[in-house]
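In my numbering, the protein residues as written are 803 to 912. From the three backbone atoms N, C-alpha and C, an ideal C-beta is built for every residue, glycine too. Note that the coordinates shown come from a computational prediction; the quantities given were computed from them, not determined experimentally. Written out below as structure tokens is the structure these notes cover.
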């Protein structure tokens with residue numbers, strides 16, 4: 803799953819720091835720390851939850867990745883997210899795709 807780069811709210815693009823740069827640079831532990839700190843101020847934010855899932859997936863912790871992807875999928879708040887490839891997708895759909903990807907990797911490794 804690709805990490806989130808931006809959020810669209812009410813048809814206006816709003817850039818928010820979701821540790822994208824750290825994730826692409828391989829600074830995964832720093833990304834986790836930043837995302838968890840931001841989550842304290844913005845609990846339930848799907849972009850933060852999805853990128854936390856991505857970070858934990860990069861660190862090889864599928865269980866934690868699935869946990870955050872499920873939180874994002876089930877979040878009350880939802881909006882359009884820009885993925886790294888420039889596509890826009892509903893946050894719940896992004897979380898579902900990410901969760902399916904982690905589950906498939908887990909099945910393949912058995």
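Run through the region 846–899 for me and flag every whole alpha helix (DSSP H) of 4 or more residues, listed as ranges in chain order. The qualifying runs are 848–860, 864–875.
Rounded to a whole number of angstroms, what is the C-alpha to C-alpha distance between residue 854 and residue 910? In the chain shown, counting from the first residue as 1, residue 854 sits at position 52. In the chain shown, counting from the first residue as 1, residue 910 sits at position 108. Cα-Cα distance, rounded: 22 Å.
Can you find the residues in the same chain that come closer than 8 Å, C-beta to C-beta, to residue 870, ignoring five residues on each side of it along the sequence? Translated into the one-based positions of the chain shown, residue 870 becomes position 68. Residues 851, 852, 854, 855, 858 of the same chain have their beta carbon placed closer than 8 Å to that of residue 870, with the five preceding and five following residues left out of the count.
How many whole angstroms separate the CB atoms of residue 848 and residue 880, which I take to be in contact at a CB cut-off of 8 Å? Numbered from 1 along the chain shown, position 46 holds the residue referred to as residue 848. Numbered from 1 along the chain shown, position 78 holds the residue referred to as residue 880. Yes, they are in contact, since the Cβ atoms of residue 848 and residue 880 sit about 6 Å apart, within 8 Å.
Can you list, in chain order, the residues of its chain whose CB lies under 7 Å from that of residue 873, leaving out five sequence neighbours each side? For the purposes of this step, residue 873 is taken as residue 71 along the chain shown, with counting starting at 1. Within the same chain, residue 873 has close Cβ partners 851.
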